[in-house]
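Residue 85 is where the sequence shown starts when you use our numbering, and the numbers rise one by one after that.
We put the beta carbon where it would ideally sit given N, CA and C, even for glycine.
As the structure is a computational prediction, the values presented were derived from the model and not from experiment.
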Amino acid sequence: MIHTAHFLCPVNPSTVSLLQNSCLSALAQGATQINIHISSSGGDVTSGFTAYNFLKTLPIPVHCYNISNIDSIANAIFLAGKKRFANHGARFLLHPFQWQFGGMQGVDHERMREWVSSLDHDLDRLVALFHEETAGASELCDWREMIRTSTILNPERAKAFGLIEGVEEAAVANPNTTWWINC
C-alpha cells in the first residue's frame, strides 16, 4: 500500500522529526512504498542530511515529488528518493550554504576556521550526494559550480542532469494513507 507524506515546510529538527515519525507510522500500518510530496525553502543543513540518511534506511521504496519548490538543503531530502519527479512548473534552487550568527558575536581565529571548515565539509557532502544520486545522467553537471553560482533548475534541466526521472504531477494514492508535516 502506498502512503503519501506531504513535507510543506522549512527543514529543521522539528519538521524532520515529524517526517521520521510519519514514515515510521506508515511502515507500522503496512506501507509498501512512501511517496513524499515536497515543497520547502530549505533551512537547517544538519537536519537536511539527517532526513536524507533516515529516508535511505527505510526498507521500502521512497519516491520524492517536487510539487513546487525544492530550495537549498531540501535538495538533500529530495535526493533520498529512489525515484524522483517534479510537477510541471516546479523549480530547484541550488545555492551556497550560509551560517547564521545570533547578534554581534566575538569570534577568534580558530572558531572562524572551524565555521569555514564546517561550511566546506557540508558543501562537499551535498556535492557528493548529487554525484551519487545522479550518476548515469544524460548530461554531466558540475554540481559544485551550480551551487556556487546560485542556480535555479526547471524540470527539463533537472531531468537532463539526472535529478528527476521526469515531469509527473504528484497525486495522492489513497486519502486514508496520507501524512502531513506542517510548520
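For Phe-133 and Leu-178, what's the separation of their Cα atoms in angstroms?
A direct Cα-Cα distance of roughly 15 angstroms separates Phe-133 from Leu-178.
To the nearest angstrom, report how far apart Asn-153 and Ala-221 are at their CA atoms.
Whole-angstrom Cα-Cα distance: 21 angstroms.
Please classify Ser-124: does DSSP put it in a helix, a strand, or coil?
Three-state result, Ser-124: strand.
Using only the alpha-carbon positions, how far apart do Thr-141 and Arg-228 sit?
Here the alpha carbons of Arg-228 and Thr-141 stand approximately 26 angstroms from one another.
Mind pulling the beta strand (DSSP E) runs of 3 or more residues that sit fully within the stretch 110-193?
Within the stretch 110-193, the complete beta strand (DSSP E) runs of at least 3 residues are 117-124, 146-155, 167-170 and 175-178.
For Leu-92, which residues from the same chain have a beta carbon less than 6 angstroms from its beta carbon, with the 5 sequence-adjacent residues on both sides left out?
A distance below 6 angstroms between beta-carbons, with the five flanking residues on each side excluded, links Leu-92 to the following residues of its chain, in chain order: Ser-123.
State whether the stretch 209-218 contacts the stretch 142-152, with contact taken as three or more CB pairs (one from each stretch) at a distance under 8 angstroms.
At 8 angstroms Cβ cutoff, the stretches do not touch.
Throw me the rounded Cβ distance for the Phe-181 and Asp-208 pair, which I believe falls under 8 angstroms.
Incorrect: roughly 11 angstroms between the Cβ atoms, too far for contact.
Quick one: is Val-95 buried, meaning 16 or more other Cβ sit within 10 Å of its Cβ, or exposed?
It counts as buried.
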